[in-house]
Amino acid sequence: MTDPLGTVRRFVEDFLGRADLAAADVTADPRIQGITGLKPMGPIDGLAEYKGIIQAFVAAFPAEEPVRIIDQFASADGTRVVTRFHSRQRHAADFFGVAATNRVILFDETHVARLRDGRIVENIVSATNLEFEMLMAPVLAPMILR
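Convert by adding 23 to the 1-based position in the sequence shown; the result is the number in our numbering.
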């Protein structure tokens with residue numbers, strides 16, 4: 024059996040935190056589904072789409088410091104891992120049409136990952152990212168509040 028905590032830790036720190044595509048390839052199933060505000064119109068559908076979204080996000084919001092995992096625990100059978108982390112990202116480039124502000128923004132997120140055969144097949148994000156949400160609201164609100 025693989026280490027579910029280690030798998031999700033690498034996914035969060037390396038793929039989500041730094042857009043390391045090799046980390047995505049070894050931790051995520053090609054058919055992964057992601058529920059996140061980075062795609063407000065619906066789930067991220069598959070690893071190729073996930074990679075594109077994370078590459079665009081990290082290009083616009085590069086890390087000011089490495090992701091810091093606050094809490095992480097797995098279900099007894101290792102099929103679910105909950106990870107809470109902080110990251111500080113600088114808004115260095117346009118994102119969804121919002122011009123760069125050069126602000127450093129704290130992201131406080133909790134992810135629930137579901138694993139099958141040692142790879143993540145679903146990642147559900149819950150976040151307290153008020154500063155990011157307010158920054159992006161003029162662009163994202165019309166997509167969400169139709």
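For each residue, glycine too, the CB sits at the ideal point set by N, CA and C.
Can you find the residues in the same chain that come closer than 6 Å, C-beta to C-beta, to residue i, ignoring five residues on each side of it along the sequence?
i      : result
GLY120 : VAL162
ASP26  : none
GLN78  : ALA42
Decide if residue i is buried, meaning its Cβ has at least 16 other Cβ atoms within 10 Å, or exposed.
i      : result
ASN146 : buried
ALA71  : exposed
ASP117 : exposed
ALA99  : exposed
To which residues of the same chain is residue i closer than 7 Å at the C-beta, ignoring the five residues directly before and after it?
i     : result
LYS62 : ILE76
Since residue i and residue j are thought to touch, with beta carbons under 8 Å apart, how far apart are those beta carbons, to the nearest angstrom?
i      : j      : result
ARG107 : THR124 : Actually they are not in contact, since the Cβ atoms of ARG107 and THR124 sit about 26 Å apart, beyond 8 Å.
GLY155 : ARG113 : The sequence given here has Phe at residue 155, not Gly. Actually they do not touch by this definition, with Cβ atoms about 12 Å apart.
ALA47  : LYS74  : 6 Å
Do you know how far the Cα of residue j is from the Cα of residue i?
i      : j      : result
VAL127 : GLU87  : 8 Å
PHE30  : LEU168 : The amino acid at residue 30 is misidentified as Phe; the sequence shows Thr. Approximately 35 Å, taken between the alpha carbons.
ARG139 : THR102 : 6 Å
ASP94  : ALA122 : 33 Å
GLY57  : VAL104 : 14 Å
ASP43  : ASP37  : 5 Å
ALA45  : LEU158 : 30 Å
PHE96  : PRO66  : 24 Å
LEU153 : GLY60  : 12 Å
PHE80  : PRO165 : 20 Å
ASP68  : ALA82  : 21 Å
List the residues that DSSP assigns as beta-bridge partners of residue i.
i      : result
THR133 : ARG107 and SER149
PHE119 : Answer is none; PHE119 lacks a bridge partner.
GLN112 : ALA86 and ILE128
ILE92  : PHE108
GLY57  : ILE67 and ASN146
ARG139 : ARG142
ALA51  : ILE143
Which same chain residues end up closer than 8 Å to residue i when comparing Cβ atoms and leaving out the 5 residues on each side of it in sequence?
i      : result
ARG111 : ALA86, GLU87, GLU88, VAL127, ILE128, LEU129 and PHE130
ILE143 : THR30, VAL31, PHE34, THR50, ALA51, ASP52, ILE55, ALA136 and ARG137
ARG241 : No information on residue 241 is available, as it lies outside the stretch 24 to 169 that the chain covers here.
GLY141 : MET24, THR25, PRO27 and THR30
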